[in-house]
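> Going line by line, the protein sequences match chains Y and L.
Each number in our numbering corresponds to the 1-based position in the first sequence with 403 added.
Each number in our numbering corresponds to the 1-based position in the second sequence with 403 added.
Quick reminder that beta carbons are idealized off the backbone N, C-alpha and C, glycines included.
Quantities reported herein were computed from a predicted structural model and do not represent experimental measurements.
There are 2 protein chains.
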Amino acid sequence: MGLNHVYLTEAFLGRKSNSPSIEKLSFTQFPNVGLMTTYAADSYITDSASAITAMAAGRKTNDGVINMDPALKFKYKSVAEEARDLGYKVGVLTSVSIDHATPAGMYAHQPSRNNYYAIALELFESNFDYFGGGGFLQPQGKDGKQKDVYEIAKEKGYKIVDKIEDFLKLRKGDNKIVAINPILDSSKALPYAINRLRGANVGLSLADFTKKAIELLDNPNGFFIMVEGGKIDWAAHANDAGSVIYDVLDFNEAIKVALEFYKKRPFETVIIVTADHETGGLSIGYAGTRYEVYLDVLSRQKISYDEFTKVVNEYKSKVKREEAKLSDLLPQIKEYYGLEILSSEVRKELENRAKAGDKEAKIRLQLALNESEIEELEKAFKISMMDPKERPNDAKTYLLYGGYDPLTMTVTRILNQKAGISWTSYSHTGAPVPVYAIGTGSYIFNGYYDNTDLYKKLMSLIGKDPYKDNVLSSAEVRELVFSK
Amino acid sequence: MGLNHVYLTEAFLGRKSNSPSIEKLSFTQFPNVGLMTTYAADSYITDSASAITAMAAGRKTNDGVINMDPALKFKYKSVAEEARDLGYKVGVLTSVSIDHATPAGMYAHQPSRNNYYAIALELFESNFDYFGGGGFLQPQGKDGKQKDVYEIAKEKGYKIVDKIEDFLKLRKGDNKIVAINPILDSSKALPYAINRLRGANVGLSLADFTKKAIELLDNPNGFFIMVEGGKIDWAAHANDAGSVIYDVLDFNEAIKVALEFYKKRPFETVIIVTADHETGGLSIGYAGTRYEVYLDVLSRQKISYDEFTKVVNEYKSKVKREEAKLSDLLPQIKEYYGLEILSSEVRKELENRAKAGDKEAKIRLQLALNESEIEELEKAFKISMMDPKERPNDAKTYLLYGGYDPLTMTVTRILNQKAGISWTSYSHTGAPVPVYAIGTGSYIFNGYYDNTDLYKKLMSLIGKDPYKDNVLSSAEVRELVFSK
Numbered sequence: 404m405g406l407n408h409v410y411l412t413e414a415f416l417g418r419k420s421n422s423p424s425i426e427k428l429s430f431t432q433f434p435n436v437g438l439m440t441t442y443a444a445d446s447y448i449t450d451s452a453s454a455i456t457a458m459a460a461g462r463k464t465n466d467g468v469i470n471m472d473p474a475l476k477f478k479y480k481s482v483a484e485e486a487r488d489l490g491y492k493v494g495v496l497t498s499v500s501i502d503h504a505t506p507a508g509m510y511a512h513q514p515s516r517n518n519y520y521a522i523a524l525e526l527f528e529s530n531f532d533y534f535g536g537g538g539f540l541q542p543q544g545k546d547g548k549q550k551d552v553y554e555i556a557k558e559k560g561y562k563i564v565d566k567i568e569d570f571l572k573l574r575k576g577d578n579k580i581v582a583i584n585p586i587l588d589s590s591k592a593l594p595y596a597i598n599r600l601r602g603a604n605v606g607l608s609l610a611d612f613t614k615k616a617i618e619l620l621d622n623p624n625g626f627f628i629m630v631e632g633g634k635i636d637w638a639a640h641a642n643d644a645g646s647v648i649y650d651v652l653d654f655n656e657a658i659k660v661a662l663e664f665y666k667k668r669p670f671e672t673v674i675i676v677t678a679d680h681e682t683g684g685l686s687i688g689y690a691g692t693r694y695e696v697y698l699d700v701l702s703r704q705k706i707s708y709d710e711f712t713k714v715v716n717e718y719k720s721k722v723k724r725e726e727a728k729l730s731d732l733l734p735q736i737k738e739y740y741g742l743e744i745l746s747s748e749v750r751k752e753l754e755n756r757a758k759a760g761d762k763e764a765k766i767r768l769q770l771a772l773n774e775s776e777i778e779e780l781e782k783a784f785k786i787s788m789m790d791p792k793e794r795p796n797d798a799k800t801y802l803l804y805g806g807y808d809p810l811t812m813t814v815t816r817i818l819n820q821k822a823g824i825s826w827t828s829y830s831h832t833g834a835p836v837p838v839y840a841i842g843t844g845s846y847i848f849n850g851y852y853d854n855t856d857l858y859k860k861l862m863s864l865i866g867k868d869p870y871k872d873n874v875l876s877s878a879e880v881r882e883l884v885f886s887k
Numbered sequence: 404m405g406l407n408h409v410y411l412t413e414a415f416l417g418r419k420s421n422s423p424s425i426e427k428l429s430f431t432q433f434p435n436v437g438l439m440t441t442y443a444a445d446s447y448i449t450d451s452a453s454a455i456t457a458m459a460a461g462r463k464t465n466d467g468v469i470n471m472d473p474a475l476k477f478k479y480k481s482v483a484e485e486a487r488d489l490g491y492k493v494g495v496l497t498s499v500s501i502d503h504a505t506p507a508g509m510y511a512h513q514p515s516r517n518n519y520y521a522i523a524l525e526l527f528e529s530n531f532d533y534f535g536g537g538g539f540l541q542p543q544g545k546d547g548k549q550k551d552v553y554e555i556a557k558e559k560g561y562k563i564v565d566k567i568e569d570f571l572k573l574r575k576g577d578n579k580i581v582a583i584n585p586i587l588d589s590s591k592a593l594p595y596a597i598n599r600l601r602g603a604n605v606g607l608s609l610a611d612f613t614k615k616a617i618e619l620l621d622n623p624n625g626f627f628i629m630v631e632g633g634k635i636d637w638a639a640h641a642n643d644a645g646s647v648i649y650d651v652l653d654f655n656e657a658i659k660v661a662l663e664f665y666k667k668r669p670f671e672t673v674i675i676v677t678a679d680h681e682t683g684g685l686s687i688g689y690a691g692t693r694y695e696v697y698l699d700v701l702s703r704q705k706i707s708y709d710e711f712t713k714v715v716n717e718y719k720s721k722v723k724r725e726e727a728k729l730s731d732l733l734p735q736i737k738e739y740y741g742l743e744i745l746s747s748e749v750r751k752e753l754e755n756r757a758k759a760g761d762k763e764a765k766i767r768l769q770l771a772l773n774e775s776e777i778e779e780l781e782k783a784f785k786i787s788m789m790d791p792k793e794r795p796n797d798a799k800t801y802l803l804y805g806g807y808d809p810l811t812m813t814v815t816r817i818l819n820q821k822a823g824i825s826w827t828s829y830s831h832t833g834a835p836v837p838v839y840a841i842g843t844g845s846y847i848f849n850g851y852y853d854n855t856d857l858y859k860k861l862m863s864l865i866g867k868d869p870y871k872d873n874v875l876s877s878a879e880v881r882e883l884v885f886s887k
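1) Within the 8 Å Cβ cut-off, does P423 (chain Y) reach chain L?
2) Near R516 (chain Y), what residues of its chain come up, given a Cβ to Cβ distance below 6 Å and the 5 sequence neighbours on each side ignored?
3) Can you tell me where the beta strand (DSSP E) holding F626 (chain Y) begins and where it ends?
4) Any idea which residues DSSP pairs S825 (chain Y) with across the strands?
5) So what does DSSP say about K737 (chain L), is it helix, strand or coil?
6) Excluding five sequence neighbours on each side, which residues of the same chain lie with their C-beta closer than 6 Å to the C-beta of A610 (chain Y)?
7) Between the stretch 445-473 of chain Y and chain L, which residues of the former have a C-beta closer than 9 Å to a C-beta of the latter?
8) Can you give the Cα-Cα distance for V676 (chain Y) and F531 (chain Y), rounded to whole angstroms?
9) DSSP three-state label for Y410 (chain L), please.
10) Let's see if you can read the secondary structure: which residues bound the beta strand (DSSP E) around A582 (chain L)?
11) Would you mind telling me which residues of chain Y sit closer than 8 Å to Y410 (chain L), beta carbon to beta carbon, in chain order?
12) State yes or no: is the beta carbon of S481 (chain Y) nearer than 8 Å to at least one beta carbon in chain L?
13) Excluding the 5 residues flanking Y852 (chain L) on each side, which residues of the same chain have their C-beta closer than 7 Å to its C-beta?
14) Give the residues from the stretch 677-693 of chain Y that approach chain L closer than 7 Å (Cβ to any Cβ), ordered along the chain.
15) So if I threshold CB-CB distances at 7 Å, which residues from the stretch 513-527 of chain L count as touching chain Y?
16) Which residues of chain L have a Cβ atom closer than 8 Å to the Cβ of T827 (chain Y), listed in chain order?
17) Please name the residue or residues paired with E681 (chain L) in a DSSP beta bridge.
18) Per DSSP, which one or two residues make a beta bridge with D853 (chain L)?
19) Going by DSSP in three states, A771 (chain Y) sits in which element: helix, strand or coil?
20) Taking the beta strand (DSSP E) that I674 (chain Y) belongs to, which residues open and close that run?
21) Taking the alpha-carbon of I841 (chain L) as reference, which of L:Y510, L:F670, L:P809 has the nearest alpha-carbon?
22) Using beta carbons (cut-off 8 Å, strictly below), is E695 (chain L) in contact with chain Y?
23) Tell me where the beta strand (DSSP E) around Y533 (chain Y) begins and ends.
24) Counting Cβ pairs closer than 8 Å, one from the stretch 412-421 of chain Y and one from the stretch 415-425 of chain L, do we hit at least three?
25) Compare the Cα-Cα distances from P506 (chain Y) to each of Y:E726, Y:S746, Y:V495 and report the closest residue.
26) What distance in whole Å lies between the Cβ atoms of A638 (chain Y) and S589 (chain Y), which are believed to be in contact at a cut-off of 8 Å?
27) Let's test the definition: count the other Cβ atoms within 10 Å of the Cβ of Q432 (chain L) and tell me whether it reaches 16, buried, or not, exposed.
28) My guess is that M471 (chain Y) and K463 (chain Y) are in contact by the Cβ rule of under 8 Å, so how many angstroms apart are they, rounded?
29) With 16 as the cutoff for other CB atoms within 10 Å, does R601 (chain Y) come out buried or exposed?
30) According to DSSP, is V722 (chain Y) part of a helix, a strand, or is it coil?
31) Counting only beta-carbon atoms, is Y804 (chain L) nearer than 8 Å to chain Y?
32) Taking C-beta to C-beta, are Y697 (chain L) and K821 (chain L) nearer than 8 Å?
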C-alpha cells in the first residue's frame with residue numbers, strides 16, 4: 404500500500420465534488436506521519452518476507468526469507484513473540500492466507516516463505532491467542548500426505564473456527580483461536596471487497612475479524628495485534644486500481660474499529676498503519692491522458708480481475724475454440740467495467756447531452772472503446788482462448804499481461820488508462836512507504852527512516868530494549884519444523 | 404521532485420556498497436517530514452502555476468494561473484511579497500528561466516503563466532533584492548517589439564549581471580540584482596548538471612547562486628529565499644532518470660549551502676524543502692526487470708536528453724536522408740549511454756569475467772542491446788531522420804516519444820528500463836510530495852496536509868496571520884501589466 408494507493412482511494416472518495424478534492428481516510432488523519440525505506444539485503448525491491456523480517460525483527464534479509472539471516476544460520480525473535488513473552492495477548496489478522504509471508508513474520512522462522520506447512524506448524528507452536536482471516540495453503544503439506552493442520556490444531560490446544568455461527572459465538576475468554584473466513588478464494592484468501600458491488604457474498608471482513616480480536620484480546624496486561632490488508636498488494640500486482648481502492652477501503656474499516664478502541668483508551672493505545680512495500684508502480688497520471696484524470700470511470704467497475712477471469716474461462720469452457728468471438732463477452736465487459744462500443748447515433752446523443760452538462764453522458768463517452776482499444780482486446784482475447792501451453796511465452800507478452808489472463812488484463816488496463824491511472828510493474832517497487840501513527844508515544848513515527856527502525860520503535864513501545872540482540876538461542880527456540 | 408526522485412538519487416549514491424543501501428541527501432536528514440497533496444482547482448494533476456499559487460498564496464486555482472483565482476477576478480499577495488512588506492530582504496532563485504511559473508509565483512499575478520513579458524515587468528516592480536539563475540524568455544515581448552528588459556531593469560533601478568566576473572564581484576550591500584547564468588540552454592535555463600560528466604561548461608550552479616544570495620541578503624531584519632531546482636522537473640518530463648539524479652544532486656548542493664548558514668544561526672533559520680508536484684510517474688521497478696534493479700548502468704550516462712538530441716540533429720544535418728543509418732550513431736550511443744551491441748565473442752568473454760565476479764563485465768552485459776531493443780532504435784531513428792512535419796502524429800507515437808526526439812527517447816527509455824526504472828507519463832502526476840524541514844518552528848511541517856496549508860505555515864513563520872485575506876486591494880496593487 405504505497406502512497407499513491409492511499410491517495411488514489413482518497414481522491415476516488417473526493418471525486419464527487421465539483422472541483423478536485425480528497426476525502427481523507429481514518430488513518431491519514433493520524434497526527435504523525437513518517438516515510439520508511441524498504442530495500443532488502445539482496446535487492447532495492449523487497450518482497451513481503453524480507454520486509455516483514457525487517458519490520459518485525461529489525462534485520463535486513465534476502466527476499467523470500469522469514470526471520471532468518473541471509474545465510475540462513477540464525478533465527479530472529481519477532482516483536483510479536485517479544486510481546487507474548489512480556490504477557491501481552493497477541494493477535495495476527497490478514498485478508499490473505501494466515502500462513503502468508505506477512506502474518507508468518509509474526510510467528511515463523513523459515514528459509515523460504517513457501518514452506519507453508521512448516522509455517523503452519525510454527526503457528527500452532529506460537530501460543531498466540533487469536534489468528535483471523537484467510538486459511539491454510541497446504542493443510543496436509545506440499546505432498547498432501549502430512550498430518551492435517553486441523554488435527555495438529557487440536558493437539559496444540561487451538562480451535563479452528565471456520566463457520567460463521569461459531570465465529571459469532573466467540574466471546575472474551577476464548578483463547579487460542581484460528582478464525583477462518585467461511586468464504587475464501589482459490590488462494591485461501593478473503594475475496595476482493597469490490598465484488599460486494601455486484602452482490603457477491605464475501606463473508607466476514609477484515610473489520611469483523613478486527614472487532615472480534617479486540618473483544619477477545621483486551622485484558623489488563625495489554626495486547627498486540629497485527630492486521631494485514633494483504634489483498635491491496637495482490638490487486639496492485641494485477642494493476643487493478645478498482646480492486647485496490649475497495650480493499651484499501653476495507654482495510655480502512657478495520658482501522659476504524661481500532662480507532663473506536665483508541666478513543667476509549669487514548670493513553671494506553673498506539674495504532675500504526677504502514678505498508679511493507681509499494682506494489683505496481685502506481686501513478687495517478689498516464690501519458691495518454693496527460694494532465695486529465697477521470698476517476699468517475701473507475702466507479703463503473705464491479706468485479707475484481709480474478710473473478711472476471713472466471714467469467715472468461717467459463718465462456719472458454721462452453722464455446723468451441725473456432726467459434727469463440729470477443730463480441731460474445733462484450734456484454735459482460737460492459738456490465739462489469741462500463742466499457743462499451745458506441746454506435747455513432749448513441750455517441751452523437753451522448754455528446755449532445757454531455758455538452759448540456761450531463762455528467763453520466765460524459766462518463767459513458769470516456770468509457771467508449773476506440774478502435775485501437777478494440778484491437779488490443781481482440782489480440783488479448785485470442786490468447787485467452789488458447790490453451791495455456793500454447794500461449795506465447797516471450798518478454799513482450801509478459802509486459803502486456805504479466806502472467807495473468809490476457810483479456811482480463813487488457814480490460815483492466817484500458818479502464819485504468821481511461822481514468823488517467825498507470826502502472827510500471829507487476830511486481831513490487833522500491834518506493835519508500837508512508838507510516839501513519841496515533842496514540843501514546845506515536846510521535847516517534849515521524850521522520851524518514853528504514854523499515855528496520857520500525858522494529859526498534861515497536862520494541863520501545865512494548866517496553867523492550869530495542870537494541871537487545873534478538874537471535875533466538877537454542878534454549879529459547881521451540882522445535883522449529885522445516886518444510887517437508 | 405517526487406518521493407521517488409529523491410529516493411532514486413539516494414539509492415544511486417548508495418549503490419556502491421555490496422548490498423543495497425542508500426546514502427541520504429542533506430535534506431532527507433532534516434528532523435521533520437510531511438506529505439503534501441498537490442491537486443489544482445481544475446485537475447487532480449497540478450501544473451507549476453496552480454501549484455505555486457497554492458503554496459505561495461494559499462489558494463487553489465486552475466492550471467496555468469499565477470496568483471489569481473480561477474475566474475481571474477482577484478490577485479493574491481504571495482508570502483514573498485508579505486515578507487518584503489515586513490522588512491525581510493527577498494531572493495528568488497531557479498535553475499530555469501527567472502520568469503518561469505515557480506519563480507513568477509513569488510512576484511507575479513497573471514491569468515497565464517505564458518505571459519512571460521508581463522511577468523518580467525512584474526519582476527522589476529517587485530522591489531525584491533536578488534534574483535538568480537536563468538534568463539528571460541521574451542526579453543522584448545512575444546512580438547519582439549516591446550521595450551527590452553535590460554532597459555526596463557535600468558529604469559527600475561535593477562542591475563542585470565550576466566557575466567561571471569561581474570557575478571563574482573557582487574558584495575553585501577549590492578541590491579536589486581538579477582544574476583543570470585552566463586551559460587544558458589535554449590529555454591534560458593541552466594544546463595543540466597549531468598553534462599559536467601562529459602566536461603561541458605555549465606557555468607554557475609544553483610549552489611553558487613544560493614551562496615551569493617545569502618551573502619547579499621543576510622541582514623538584521625532577516626531574509627526570505629526561494630530556490631527552485633526546476634530542471635529536475637524538466638528531466639522527469641523527458642523520463643530521463645540520469646539527468647534527474649544529477650539535478651537532484653545539484654539542488655542538494657544548494658541546500659547544503661543553506662545548511663551551512665543554518666548551522667551558524669540555528670535559532671533564527673528555517674529551511675523547508677519540498678516540490679510543487681511529482682513528474683513522470685517515476686518508479687524504481689519495471690515490469691521487464693521485476694524484482695531486479697541495476698542502478699550501476701545509470702552511471703554510464705554522461706549526457707542529458709536535450710544535448711543528445713543535438714547530437715542526433717547534427718548528424719541529420721550532415722547526412723543525406725537516404726544514406727542515414729543508425730549504425731553511424733551507435734558510437735555516440737555507446738559513448739554517452741554505455742549501450743552497445745556485443746559481438747558473440749565479446750559477450751562470451753564478458754560472461755566468463757562476470758562469472759568470476761568482475762563487476763564491470765556484469766554492467767556491460769546488462770547494457771548490451773538485444774534484438775528487440777535494436778528494432779526499437781531503428782524505428783525511432785527513422786522518425787528522427789524525418790522532417791518534423793512528416794512525422795507521424797498519432798496517439799501511439801506520442802505514447803512512445805512524448806513529443807521529444809524519438810531516437811533520444813528510445814535510448815533513454817532502454818537505459819532506464821535496463822536499470823529497472825520506469826515511468827507512466829510525460830506530464831506531472833497527482834502524487835502527494837514529501838516536505839522536509841529543519842530549524843525554528845519547523846515541527847509544523849510534520850503530518851499530512853494540502854499545498855495551501857504550506858502557505859499558512861510559511862505565513863506563521865514570517866510572523867503574519869495565516870488566515871488574513873491576501874486579496875490585493877486596488878491601493879496595494881502596483882500597476883500590473885498584462886501580456887501584450
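By the coordinates alone:
1) Locating residue 423 (chain Y) in the first sequence gives position 20, counting from the first residue. It does; some Cβ of chain L falls within 8 Å.
2) As a first step, residue 516 (chain Y) must be located in the first sequence, where it is residue number 113. Cβ within range, chain order: A452, G467, I469, A504.
3) The residue given as residue 626 (chain Y) occupies position 223 in the first sequence. Here the beta strand (DSSP E) through F626 (chain Y) covers 626-631.
4) Position 422 of the first sequence, counted from the start, is the residue given in the question as residue 825 (chain Y). DSSP output for S825 (chain Y) lists Y:S686 as bridge partner(s).
5) Numbered from 1 along the second sequence, position 334 holds the residue referred to as residue 737 (chain L). Helix at K737 (chain L).
6) Start at 1 with the first residue of the first sequence, and residue 610 (chain Y) comes out as number 207. Within the same chain, A610 (chain Y) has close Cβ partners E656, A657, V660.
7) D445, S446, Y447, I448, T449, D450, K463, D466, P473
8) Along the first sequence, read from residue 1 onward, the residue named residue 676 (chain Y) stands at position 273. Along the first sequence, read from residue 1 onward, the residue named residue 531 (chain Y) stands at position 128. Going from the Cα of V676 (chain Y) to the Cα of F531 (chain Y) covers about 21 Å.
9) For the purposes of this step, residue 410 (chain L) is taken as the residue at position 7 of the second sequence. In this structure, Y410 (chain L) counts as helix in the three-state DSSP scheme.
10) Here residue 582 (chain L) corresponds to residue number 179 of the second sequence, with the count starting at 1. Segment 580-583, the beta strand (DSSP E) holding A582 (chain L).
11) Counted from its first residue, the second sequence places residue 410 (chain L) at position 7. Result: T440, G833, A834, P835.
12) Numbered from its first residue, the first sequence carries residue 481 (chain Y) at position 78. Output row for S481 (chain Y): interface = no.
13) Position 449 of the second sequence holds residue 852 (chain L). So the qualifying residues of the chain are G437, M439.
14) G684, S686, I687, G688, Y689, A690, G691, R693
15) none
16) The sequence position of residue 827 (chain Y) within the first sequence is 424, counting from 1. Within chain L, the residues near T827 (chain Y) are G684, S686, G688, Y689, A690, S825, W826, T827.
17) Within the second sequence, residue 681 (chain L) is the residue found at index 278, counting from 1. DSSP lists L:T832 as partners of E681 (chain L).
18) Within the second sequence, the letter at position 450 stands for residue 853 (chain L). Its beta-bridge partners are L:T440.
19) Stepping through the first sequence from its first residue, residue 771 (chain Y) is reached at position 368. Strand at A771 (chain Y).
20) As a first step, residue 674 (chain Y) must be located in the first sequence, where it is residue number 271. Taken as a continuous stretch (DSSP letters only), the beta strand (DSSP E) holding I674 (chain Y) covers 673-676.
21) In the second sequence, the residue the question calls residue 841 (chain L) occupies position 438. The candidate whose alpha carbon is nearest that of I841 (chain L) is L:F670.
22) Translated into positions along the second sequence, residue 695 (chain L) becomes position 292. Cβ-Cβ to chain Y under 8 Å: yes for E695 (chain L).
23) Locating residue 533 (chain Y) in the first sequence gives position 130, where the first residue counts as 1. Segment 533-536, the beta strand (DSSP E) holding Y533 (chain Y).
24) no
25) For the purposes of this step, residue 506 (chain Y) is identified with residue 103 of the first sequence, where counting begins at 1. Checked all of Y:E726, Y:S746, Y:V495; the closest Cα to P506 (chain Y) is Y:V495.
26) Translated into positions along the first sequence, residue 589 (chain Y) becomes position 186. Translated into positions along the first sequence, residue 638 (chain Y) becomes position 235. The Cβ separation is near 15 Å, so there is no contact.
27) In the second sequence, the residue the question calls residue 432 (chain L) occupies position 29. With fewer than 16 Cβ atoms within 10 Å of its Cβ, Q432 (chain L) is classed as exposed.
28) In the first sequence, residue 471 (chain Y) corresponds to position 68, counting from 1. In the first sequence, residue 463 (chain Y) corresponds to position 60, counting from 1. Not really, about 12 Å apart at Cβ, beyond 8 Å.
29) Taking the first sequence and counting its residues from 1, the one referred to as residue 601 (chain Y) is at position 198. With fewer than 16 Cβ atoms within 10 Å of its Cβ, R601 (chain Y) is classed as exposed.
30) Along the first sequence, read from residue 1 onward, the residue named residue 722 (chain Y) stands at position 319. Coil, per DSSP.
31) Here residue 804 (chain L) corresponds to residue number 401 of the second sequence, with the count starting at 1. So, not an interface residue.
32) By one-based count along the second sequence, residue 697 (chain L) stands at place 294. By one-based count along the second sequence, residue 821 (chain L) stands at place 418. Yes, the Cβ-Cβ distance between Y697 (chain L) and K821 (chain L) is below 8 Å.
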